[in-house]
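K.L.:
Per this note's numbering, the sequence shown starts with residue 30, numbered consecutively.
What follows is a single structure, and I will ask about it in a moment.
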Amino acid sequence: MTETDQSNVYDSPKDASIFESEELERKSGQEVSNLPDDSLLENSNESRLESETTYFKRSIEAILMVATEPLGTKVLAEAVGITSSMLEGLCKELQVEYERDLRGFRINFIAGGYRFESHPEMADVVEKFILEDQVSRISPAALETLAIVAYRQPISRAQISAIRGVNADGVVRLLAQRGLISAVGKDEGPGQAILFGTTDLFLEKMGFAHISDLPALSEFIPSAEEVETLEQILRPTVDD
């Protein structure tokens, strides 16, 4: 287009002014449209916050799943990487979610810390599993320990370990969890060790009405004559 043609585009200075105004408005509109929308920024921030919250909740669940004892607020918060107040809030939110979804477990604050535990409403199912299914699969070591408690009760962990010749803490804990033995008192000596005895469940499983129905140990101990006979049989012979 020649200069003459360009001059003919506008019939008057007024037309040129109108065109320039429209051009400025068009460019201005483009610049405004290129600016980030406040609603988009807000949605982005909310999405990021929601993602972080979900990550922290999953972290709490993962840690509590492998913890062997209740974890204090400070310890758990540091492990997750959040403040103690934020941890408390997230644990409450998780508990609300579990209750809403009717989950079989919950987060409980007990003994100064958080832990996973089965829901009280599922106690019957848990008890049936522990007392019926697991008792039938008790290990030889646990059976040996149970026999020691039955015949020597009340008896302490240390006394059980001394008789067995190995540490019995784990087996004693297992038998107590399964309801076969329980704490029945404390030793009067130094340290006041906890003393254990058998429970009504033990009698029920064994088919006894009373602990005195246990067979006497003498029934399982060979007589002097039997011992002598066994020694003669097992004694190595010496060739002349």
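The C-beta atom is built at its ideal place from N, Cα and C for all residues, glycine as well.
The structure presented is a predicted model; accordingly, all values stated were derived computationally and were not measured.
Please return the same chain residues whose Cβ sits closer than 8 Å to the Cβ of threonine 102, not counting the five positions on each side in sequence.
P.N.:
The answer, listed in chain order, is Ser113, Leu116, Glu117, Gly142, Tyr143.
K.L.:
Exposed or buried, which one is phenylalanine 134 when buried takes at least 16 other CB atoms within 10 Å?
P.N.:
Answer is exposed; the Cβ neighbour count stays below 16.
K.L.:
Run through DSSP, which three-state label would arginine 132 get?
P.N.:
If DSSP states are grouped into helix, strand and coil, arginine 132 belongs with coil.
K.L.:
In angstroms with no decimal places, state the Cα-to-Cα distance between methionine 94 and glutamate 107.
P.N.:
If you take the alpha carbons of methionine 94 and glutamate 107, they lie about 16 Å apart.
K.L.:
At what residue ranges does the segment 93-156 contain a whole run of the alpha helix (DSSP H), taking only runs of 4 or more?
P.N.:
Runs of the alpha helix (DSSP H) inside the segment 93-156: 102-109, 113-129.
K.L.:
Taking tyrosine 180 as the reference, which of Leu246, Phe138, Asp216 has the closest Cα?
P.N.:
Ranking Leu246, Phe138, Asp216 by Cα distance to tyrosine 180 puts Leu246 first.
K.L.:
Over the uninterrupted alpha helix (DSSP H) stretch that includes alanine 191, give me the two end residues.
P.N.:
Note, alanine 191: alpha helix (DSSP H), 186-193.
K.L.:
So, with DSSP's three-state summary, where would you put leucine 224?
P.N.:
Here leucine 224 sits in strand by DSSP.
K.L.:
So the alpha helix (DSSP H) glycine 236 belongs to, where does it begin and stop?
P.N.:
Glycine 236 -> no alpha helix (DSSP H), and no H or E assigned at all.
K.L.:
Kindly list the residues whose CB is nearer than 8 Å to the CB of leucine 284, restricted to its own chain and excluding five residues on each side of it in sequence; keep chain order.
P.N.:
Because the chain is modelled from 30 through 269, residue 284 falls outside the range shown and cannot be assessed.
K.L.:
Quick check on serine 241: buried or exposed, where buried means 16 or more other Cβ atoms within 10 Å of its Cβ?
P.N.:
So serine 241 counts as exposed.
K.L.:
Report the partner residues of alanine 212 according to the DSSP bridge assignment.
P.N.:
DSSP output for alanine 212 lists Phe225 as bridge partner(s).
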